[in-house]
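Beneath this line is the structure, given in structure tokens, with notes to follow.
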Amino acid sequence: MSNQSKNIHSALDASAQILEPSQENNLFQTSCNLANDLKSVLLSAFVCLIKDESGNCYECRGLLDVGANSNFISKKLVDKLQLKGEKINISVSGINNLSLNIKSKASATILNRDKSFELNLSFLVVPKITEFTPSKSLEINVSSLNNIKLADDKFYEPGPIDFLVGAEYFYELLKPDQIYLHDTNLRLQNSVLGYIVSGSLLAKGEAEIHCGLITDNSELEKTLKEFWEIENIERESEISVTKEAEICEEHFLKNYSRTETGKFMVKMPFKEDPSCLGESRKKAEKCLNSLWNRLRREPKLCELYKIFMQEYLHMGHMEEVIEYEEPDVNYYIPHHCVFRPESNTTPLRVVYNASALTSFGKSLNCIQFNGGTIQDDLLSIMLRFRKHKFAFVADIKKMYRMILIDPNQRIF
């Protein structure tokens, strides 16, 4: 058994009468009685400060336990500090697989008493950590400890445990120094909290044995939650429609039309009057001149750009302006290229920047309603794809360019 404590304890006697765990409100425990003159093991208790929600510090008593893989705090201390709890549903288990459901967790900052060290910890909230530690007053001469800074000045007197720090931070709190007390089985371990007294003493009367070894299944809870989310993927993946998306859909239904070839023609859903845009031509010209300079330096890129522009003209996705009287309200969209000669599929990609700001600090994108994302998230699509034996796959070539803009809005 470990010398560290948890909510697991045993009290043994000659009759070896086993008490049911439900008779105590501890985390996990098994109890029976044993004859007198049993050695009492001192657990790694310490006194420190802990902050409440307002930043005020209170003195409390904690326990270091290398046998626990979580930190625990009593419900009583959580209420006293008015800590904000977060609802969870996990179970922790100890010796003989005795377990307890944990319904909440909370975070708090602990400090040593001179406030030279502090540590923020996440705790699982339990009704009670353990019984008083030590269980009985111990007879010990403490005069030899007067010049030593102890983590718990009253380590020999029974007292409550308010919280427990597990293995994750156990060694972070310790320092590399130990003191052995002559003619005793006690040793003092240095820590950021002061010297922690541990070891064994002869205790008169009934004593309790504490054994610490606790695991929690928070990872199991997380995995199970993710499993159910995957199982409910179709229901969970329903698209939530925003107010802007509703406005966009209503605008589309009122303003769309079809050409003779069946293509859609739409109007842009402006939420502000385009007259607020301001001047945009100078920035677009500057971007164009920069592009020209690059094309002169890179003949291969220039050739690809020509092919791209010819395709645009051939497919009717742009038209040459021969005679043009510039209207008072307009927007010039700057464009640049992304050139990846190593790519076999798309060595050249032209980017149109409708988010470029005008002289008034506006852009074409920012004065339009956002229709939102209408497709499912990628995980939902992939899972749905794998549900059936056969899948039909298709691609709409240049899909967005197949949707035409109303001629009256092509000045933008």
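Mapping the sequence shown onto full-length UniProt numbering, position 360 (from 1) lands on 360, and the numbers just tick up by one. Here a beta-carbon is modelled for each residue, glycine too, at the ideal position from N, C-alpha and C.
To test your reading of the DSSP string, which unbroken beta strand (DSSP E) runs of 3 or more residues are found completely within the stretch 61–137?
72–74, 85–93, 99–111 and 118–126
Inter-residue spacing [alpha-carbon to alpha-carbon] between residue 122 and residue 114
22 Å
Could you name each continuous alpha helix (DSSP H) segment of 4 residues or more that falls completely within the stretch 286–345, going from the start of the chain to the end?
299–314
With DSSP run on the structure shown, which of helix, strand or coil describes residue 390?
coil
Roughly how many angstroms lie between the CA atoms of residue 161 and residue 380, to the nearest whole one?
48 Å
Name the one or two DSSP bridge partners that residue 266 has.
405
In chain order, what residues of the same chain lie with their CB nearer than 7 Å to the CB of residue 361, ignoring the 5 residues before and after it?
none
Around the C-beta of residue 65, are 16 or more other C-beta atoms found within 10 angstroms, so that it is buried, or is it exposed?
buried
For residue 22 and residue 132, I'd like the C-alpha separation in whole angstroms.
Below a pLDDT of 50, predicted positions are generally treated as unreliable, and residue 22, at 37, falls in that range; no measurement from the model is reported.
Helix, strand or coil at residue 258 according to DSSP, with G and I counted as helix:
strand
Using the beta-carbon count (16 or more within 10 Å), is residue 345 buried or exposed?
exposed
The beta strand (DSSP E) enclosing residue 424, as first and last residue numbers
Nothing in the structure corresponds to residue 424, since the chain is present only between 1 and 412.
Contacts around residue 150, its chain only, beta-carbon distance under 6 Å, and the 5 residues preceding and following it disregarded:
194 and 195
Which partner residues of residue 41 appear in the DSSP bridge assignment?
200
Hey, how far is the Cα of residue 26 from the Cα of residue 148?
Residue confidence is low: residue 26 scores 43 on pLDDT, short of 50, so the model does not pin down where it sits. Its coordinate-derived value is still stated next. The alpha-carbon atoms of residue 26 and residue 148 are separated by roughly 34 Å.
Could you tell me which of 337, 411 and 155 sits nearest to residue 325, measuring between CA atoms?
411
Give me the Cα-Cα distance between residue 298 and residue 318, rounded to the nearest whole angstrom.
25 Å
Quick check: what's the CA-CA separation for residue 282 versus residue 316?
26 Å
Straight-line Cα distance separating residue 383 from residue 199
57 Å
Extract the residue ranges of the alpha helix (DSSP H) inside the stretch 143–183, only unbroken runs of 4 or more that lie entirely within it.
167–173
Cβ shell of residue 365 (< 6 Å), same chain only, five flanking positions each side left out:
354 and 355
Span of the beta strand (DSSP E) holding residue 384?
Residue 384 -> not in any beta strand (DSSP E); alpha helix (DSSP H) instead, spanning 378–385.
Nearest CA to the CA of residue 304: which residue from 347, 159, 270 and 59?
347
Please list, in chain order, all residues of the same chain as residue 156 whose beta carbon is under 6 Å from its beta carbon, the five residues on each side excluded.
138 and 140
Euclidean distance between Cα positions of residue 327 and residue 269
20 Å
What are the boundary residues of the beta strand (DSSP E) that residue 350 is part of?
348–352
Within a Cβ cutoff of 8 Å, which residues of the same chain sit near residue 102, ignoring the five residues on either side of it in sequence?
88, 89, 90, 91, 92, 124, 125, 126 and 216
Determine the closest residue to residue 375 out of 329, 241, 390 and 308, with distance taken between C-alpha atoms.
241
Cβ shell of residue 277 (< 6 Å), same chain only, five flanking positions each side left out
331, 358 and 362
So residue 128 and residue 74 are in contact, right, with Cβ under 8 Å, and what is the actual spacing, rounded?
6 Å
Rounded straight-line distance, which links the Cα of residue 174 to that of residue 82
29 Å
Which of the three DSSP states, helix, strand or coil, is assigned to residue 374?
coil
Please tell me whether residue 177 and residue 185 are closer than 8 Å, where the distance is taken between their beta carbons.
no
For residue 248, name the three-state secondary structure that DSSP assigns.
helix
Taking only the alpha-carbon atoms, compute the straight-line gap between residue 339 and residue 395 and give it to the nearest angstrom.
24 Å
Beta-bridge partners of residue 195, as assigned by DSSP:
150
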